[in-house]
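S.K.: Have a look at this one.
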Amino acid sequence: MTTPLPRDNPLLLGHEAAEALLSDAMASGRMHHAWLITGPKGVGKATLAFRLARHILSGHRHMGTMEPNHPVFRRVAAGTHADLLTVEREWDEKRKKLRGEIVIDTVRGVAGFLRLTAAEGGWRVVIVDGAEDINRNAANALLKVLEEPPPRTVIILVCAAAGRLLTTIRSRCRRLRLSKLTDALVEELLGKYLPDLAANSRERVAALAEGSIGRALQLAEGDGLPAAELVGRVLEALPHPRVQLADDVADALGRSEDAFTTFMDLLRAAIASAVRETARGQPDPDQTRLIGARPLDGWVEIWQALGALQTETEDLYLDKRQAIANTVAMLAT
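What follows is the structure in structure tokens.
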């Protein structure tokens with residue numbers, strides 16, 4: 000089974016309570032016009048949003064599993080359902096990458112879409128995927144739609160950082176927060192999506208993914224496990240890594256932007272986890288050894304500085320080998 004996109008994914012595990020709440024809203028006939036689905040990245044927020052959209056557009060009064068051969072499922076998966084509009088960051092042809100934000104021209108399409116009569120005589124659904132990326136002007140345009148929504152319209156905001164949304168947008172939505180998945184559920188989903196992945200690799204990836212099946216799939220299908228080993232080597236060498244370590248890590252990562260990104264993401268995640276568990280009084284022995292090298296607030300500063308270094312390196316196409324050298328030096332300081 001190949002990994003599906005949220006719009007064509009029939010599988011959702013671990014969010015039964017959220018589905019039950021949506022199902023009750025549908026069955027009652029009092030579906031709220033705007034929903035804000037929040038939670039960590041990669042836990043199934045967009046998958047749930049498209050699942051809800053399929054049931055609304057098909058006229059169902061309860062949530063449930065819809066077979067992929069259902070006509071509405073097929074059209075939503077293909078992006079051809081006339082009563083569903085998806086808003087997300089668009090492709091920047093000049094930079095050959097996704098835009099950093101959702102812009103006003105994209106959001107203006109929502110008002111135009113909702114001025115049309117429903118093509119199939121029922122409901123219309125708008126999904127804003129990655130709503131945390133919406134810029135100020137676009138957010139104000141979306142707010143106008145939320146303030147005066149047309150009848151039989153549902154707007155679903157999918158957002159991993161609700162604090163970045165305008166307060167007025169949040170106040171007009173009914174909020175539905177999804178939690179991290181358990182490691183067992185992540186392993187189960189990995190087994191379904193990537194049946195050829197060895198059981199010990201599934202277990203290792205699930206532990207690294209921190210409750211995110213999206214992250215687990217990125218790690219399993221990319222450079223996740225090798226990058227995790229490199230992170231372990233760097234952290235074990237602290238506070239006095241050998242001079243050659245940065246070159247060894249850079250050689251192992253090669254020139255791959257994905258490998259560099261994965262390494263930096265995992266490194267920052269390991270530091271964040273160590274700080275978090277230490278603050279809770281529940282660090283494991285490796286985290287205790289790591290955190291003992293400097294005060295907690297010093298590790299927070301390191302985490303922030305590494306994030307800035309990663310962003311600058313990726314956005315400005317800087318030398319990744321030098322970035323790795325700076326990373327190791329920063330950790331050892």
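For the sequence shown, numbering that gives the first Met the number 0 begins at 0 and goes up steadily by one. In this text, a Cβ means the ideal position worked out from N, Cα and C, and glycines have one as well.
According to the Cβ coordinates, are LEU234 and ALA269 closer than 8 Å?
M.R.: Working through the sequence shown from its first residue, we reach residue 234 at position 235. Working through the sequence shown from its first residue, we reach residue 269 at position 270. Their beta carbons are under 8 Å apart, which means LEU234 touches ALA269 by this criterion.
S.K.: Please classify PRO5 as buried or exposed, where buried requires at least 16 neighbouring CB atoms within 10 angstroms.
M.R.: As a first step, residue 5 is located in the sequence shown; it is residue number 6 there, counting from the start. Counting Cβ neighbours within 10 Å, PRO5 comes out buried, since at least 16 surround it.
S.K.: Could you give the residue range of the beta strand (DSSP E) that holds ALA33?
M.R.: Along the sequence shown, one-based indexing puts residue 33 at 34. It spans 33–37 - the beta strand (DSSP E) in which ALA33 sits, taken as one unbroken run.
S.K.: Which residue marks the beginning of the alpha helix (DSSP H) containing VAL71, and which one marks its end?
M.R.: As a position in the sequence shown, residue 71 is number 72, starting the count at 1. 70–77 is the span of the alpha helix (DSSP H), which, as asked, contains VAL71.
S.K.: Count the other CB atoms within 10 Å of the CB of VAL242; is the residue buried (16 or more) or exposed (fewer)?
M.R.: As a working note, residue 242 is residue 243 in the sequence shown. VAL242 comes out exposed.
S.K.: Who does TRP90 pair with in a DSSP beta bridge?
M.R.: Counting from 1 along the sequence shown, the entry for residue 90 is found at position 91. For TRP90, which the question treats as bridged, DSSP gives the partners LEU97.
S.K.: Report the rounded CA-to-CA distance for ALA110 versus ASP132, giving the unit in angstroms.
M.R.: As a first step, residue 110 is located in the sequence shown; it is residue number 111 there, counting from the start. As a first step, residue 132 is located in the sequence shown; it is residue number 133 there, counting from the start. Taking the straight line joining both Cα atoms gives about 19 Å.
S.K.: With DSSP run on the structure shown, which of helix, strand or coil describes THR85?
M.R.: Residue 85 sits at position 86 when you count from the first residue of the sequence shown. The answer is strand: DSSP assigns THR85 an E or B state.
S.K.: Determine, using beta carbons only, whether PRO240 comes closer than 8 Å to chain C.
M.R.: Any reference to chain C falls outside this structure, which holds one protein chain only.
S.K.: Between the Cα of TRP302 and the Cα atoms of ARG279, GLY221, THR326, which residue gives the shortest distance?
M.R.: Within the sequence shown, the letter at position 303 stands for residue 302. Comparing Cα-Cα distances from TRP302 to each of ARG279, GLY221, THR326, the minimum goes to THR326.
S.K.: Touch check for the region 156–169 and the region 120–130: three-plus C-beta pairs under 8 Å?
M.R.: Verdict: yes, contact present.
S.K.: Have a look at ALA137 and ILE155 and give me their C-alpha separation to the nearest angstrom.
M.R.: Residue mapping note: residue 137 aligns to position 138 of the sequence shown, counting from 1. Residue mapping note: residue 155 aligns to position 156 of the sequence shown, counting from 1. So the two alpha carbons sit approximately 16 Å from each other.
S.K.: Taking the alpha-carbon of ALA219 as reference, which of ASN68, PRO194, ALA236 has the nearest alpha-carbon?
M.R.: What you label residue 219 is simply residue 220 of the sequence shown in a count that begins at 1. Ranking ASN68, PRO194, ALA236 by Cα distance to ALA219 puts PRO194 first.
S.K.: So, helix, strand or coil for VAL157, using DSSP?
M.R.: In the sequence shown, counting from the first residue as 1, residue 157 sits at position 158. It is a strand residue.
S.K.: Excluding the five sequence neighbours on either side, which residues of its own chain have a C-beta within less than 7 Å of the C-beta of ALA236, listed in chain order?
M.R.: In the sequence shown, counting from the first residue as 1, residue 236 sits at position 237. Excluding sequence neighbours, ALA236 sits near LEU244.
S.K.: When the Cα of VAL71 is compared with those of ALA52, MET62, GLY63, ARG60, which residue comes out closest?
M.R.: Taking the first residue of the sequence shown as position 1, residue 71 is located at position 72. When each option's Cα is compared against that of VAL71, the closest is ALA52.
S.K.: Which term fits TYR316, buried or exposed, when burial requires 16 or more other beta carbons within 10 angstroms of its beta carbon?
M.R.: Position 317 of the sequence shown, counting from 1, holds the residue named residue 316. Classification for TYR316: exposed.
S.K.: Classify GLY38: buried if its beta carbon has 16 or more other beta carbons within 10 angstroms, exposed otherwise.
M.R.: The sequence position of residue 38 within the sequence shown is 39, counting from 1. Result: buried.
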